[in-house]
Amino acid sequence: MKNKARKTFQRTLNPIHKTESNRLESLLKKELRIHSQNTWATKLASLETQDNSLWQMQKHFRKKRSNIPNLTSPTGVASNDEQKAHLIANTFIDNYTENKRPENYTTNIDSDVTNTLRNFFPLPHALPFPPLTRSKSATTLKR
Numbered sequence: 049m050k051n052k053a054r055k056t057f058q059r060t061l062n063p064i065h066k067t068e069s070n071r072l073e074s075l076l077k078k079e080l081r082i083h084s085q086n087t088w089a090t091k092l093a094s095l096e097t098q099d100n101s102l103w104q105m106q107k108h109f110r111k112k113r114s115n116i117p118n119l120t121s122p123t124g125v126a127s128n129d130e131q132k133a134h135l136i137a138n139t140f141i142d143n144y145t146e147n148k149r150p151e152n153y154t155t156n157i158d159s160d161v162t163n164t165l166r167n168f169f170p171l172p173h174a175l176p177f178p179p180l181t182r183s184k185s186a187t188t189l190k191r
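Per the working numbering, the very first residue in the sequence shown carries number 49; after that it's consecutive.
Here is the structure:
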């Protein structure tokens, strides 16, 4: 219903439809929050010390987890944060450096491109229409 209301607003741009779309979106967020809280409360209520589920849950929360998974590169695997930072920095440096042109300009890339363009677009350009004279334009406007 939320998507239908949003599409209706986008199609009509009616403020009433926008209000309805916003109302349904906030209602959905509220219901999702309530569902999430109920699910969490049920999970916490089901924990027991006899089957070690309580201790497994606390272990899960106390264990430090890396947000970024291991990164692989040609030089190896980066597993800790410092190695990952260096790998990402080196990747950005490699990807965003300007291409270097040859120092001695033994390759004539610029002249090759210029000659190709000149051959493709001959000069002077042919005019599509002959220029109008004043008398011709005056007679055309009178018609």
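A virtual CB, placed ideally from N, CA and C, is assigned to each residue, including glycine.
Could you compute how far the alpha carbon of residue i sits from the alpha carbon of residue j?
| i | j | result |
| --- | --- | --- |
| T188 | F177 | 15 angstroms |
| D160 | N147 | 19 angstroms |
| I136 | K112 | 22 angstroms |
| A93 | Q58 | 44 angstroms |
| L95 | L102 | 5 angstroms |
| H83 | K66 | 26 angstroms |
| Q98 | Q85 | 25 angstroms |
| S183 | K190 | 11 angstroms |
| T134 | F169 | A small correction: the amino acid at residue 134 is His; Thr does not occupy that position in the sequence shown. Using only the alpha carbons, I get a separation of about 49 angstroms. |
| A186 | R166 | 39 angstroms |
| P179 | D158 | 36 angstroms |
| T90 | R71 | 29 angstroms |
| G124 | R110 | 29 angstroms |
Can the beta-carbon of residue i be found closer than 9 angstroms to that of residue j?
| i | j | result |
| --- | --- | --- |
| K107 | E73 | no |
| N115 | A126 | no |
| T139 | S121 | yes |
| S69 | T56 | yes |
Which partner residues does residue i have in the DSSP bridge list?
| i | result |
| --- | --- |
| T120 | V125 |
Put residue i into one of helix, strand or coil per three-state DSSP.
| i | result |
| --- | --- |
| Q98 | coil |
| N147 | coil |
| N62 | coil |
| R81 | helix |
| K112 | coil |
| L75 | helix |
| T187 | helix |
| T139 | helix |
| L92 | helix |
| T181 | coil |
Give every residue of the same chain whose Cβ lies closer than 6 angstroms to the Cβ of residue i, excluding the five residues on either side of it in the sequence, and list them in chain order.
| i | result |
| --- | --- |
| L76 | K50 |
| R54 | S69 |
Ignore the nearest five residues each way along the sequence and tell me which others in residue i's own chain have a CB closer than 7 angstroms to its CB.
| i | result |
| --- | --- |
| T164 | none |
| M105 | L95 |
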